[in-house]
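Chemist: In our numbering, the protein residues as written are 3 to 118.
This is the structure I have questions about; it appears just below.
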């Protein structure tokens, strides 16, 4: 029987790449979104961007102490990311409900259209 292996801890470079990827996605979506939808995206993008700017001042791969110093910034960014995730879930649930409502409206209009 083999002993299960634990996955290796992510490196500083892995964490940086994940934040950079998230920032790229958020920035692209900010450009594509309109109206109130941009507000939570902009807020989260700004927090992540602030963290990434701090990271760019120091080389995380070469300095673990500096990476540790960024932990408070990562906590702040992650809190904003969690808030955005909750807002996205709420929006997605609303979209699901809108789809149900729209489907019901379409059915009524389709069926009653024959009588009007």
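Yeah, the Cβ is synthetic: ideal placement off N, Cα and C, and Gly gets one too.
#1: Which word fits residue 113, buried or exposed, when buried means at least 16 other C-beta atoms lie within 10 angstroms of its C-beta?
#2: Going by other Cβ atoms of all chains shown within 10 Å of its Cβ, with 16 needed for buried, is residue 43 buried or exposed?
#3: Quick check on residue 10: does DSSP put it in helix, strand or coil?
#4: Among the candidates 72, 53, 41 and 11, whose CA atom is the shortest distance from the CA of residue 21?
#5: Reducing DSSP to helix, strand and coil, say where residue 73 ends up.
#6: In angstroms, rounded to a whole number, what distance separates the CA positions of residue 95 and residue 31?
#7: Measure the alpha-carbon distance for residue 102 versus residue 7 and round it to whole angstroms.
#8: Report the option in 90, 28 and 50 whose CA atom is closest to the CA atom of residue 78.
#9: In three-state terms, what does DSSP make of residue 35?
#10: Can you list, in chain order, the residues of its chain whose CB lies under 8 Å from that of residue 25, leaving out five sequence neighbours each side?
#11: Measuring only the C-alpha atoms, how far is residue 83 from residue 115?
Modeler: A quick look at the data gives this:
#1: Walking along the chain shown from the start, residue 113 turns up at place 111. Exposed, because fewer than 16 other Cβ atoms sit within 10 Å of the Cβ of residue 113.
#2: Along the chain shown, read from residue 1 onward, the residue named residue 43 stands at position 41. Taking all protein chains in view, the Cβ of residue 43 is crowded by 16 or more other Cβ atoms within 10 Å, so the residue is classified as buried.
#3: As a first step, residue 10 is located in the chain shown; it is residue number 8 there, counting from the start. Three-state DSSP puts residue 10 in coil, outside helix and strand.
#4: Along the chain shown, one-based indexing puts residue 21 at 19. Shortest Cα-Cα distance from residue 21 to any of 72, 53, 41 and 11 involves 53.
#5: The count along the chain shown starts at 1 and reaches residue 73 at position 71. Residue 73 falls in the helix class under three-state DSSP.
#6: By 1-based counting over the chain shown, the position of residue 95 is 93. By 1-based counting over the chain shown, the position of residue 31 is 29. Going by the C-alpha atoms only, they are around 19 Å apart.
#7: By one-based count along the chain shown, residue 102 stands at place 100. By one-based count along the chain shown, residue 7 stands at place 5. The alpha-carbon of residue 102 is positioned some 45 Å away from that of residue 7.
#8: The sequence position of residue 78 within the chain shown is 76, counting from 1. Of the residues 90, 28 and 50, the one whose Cα lies closest to the Cα of residue 78 is 50.
#9: Numbered from 1 along the chain shown, position 33 holds the residue referred to as residue 35. The DSSP-derived three-state label of residue 35 is coil.
#10: The sequence position of residue 25 within the chain shown is 23, counting from 1. Cβ within range, chain order: 47, 50, 51 and 54.
#11: Within the chain shown, the letter at position 81 stands for residue 83. Within the chain shown, the letter at position 113 stands for residue 115. Take the alpha-carbon of residue 83 and the one of residue 115: they are about 46 Å apart.
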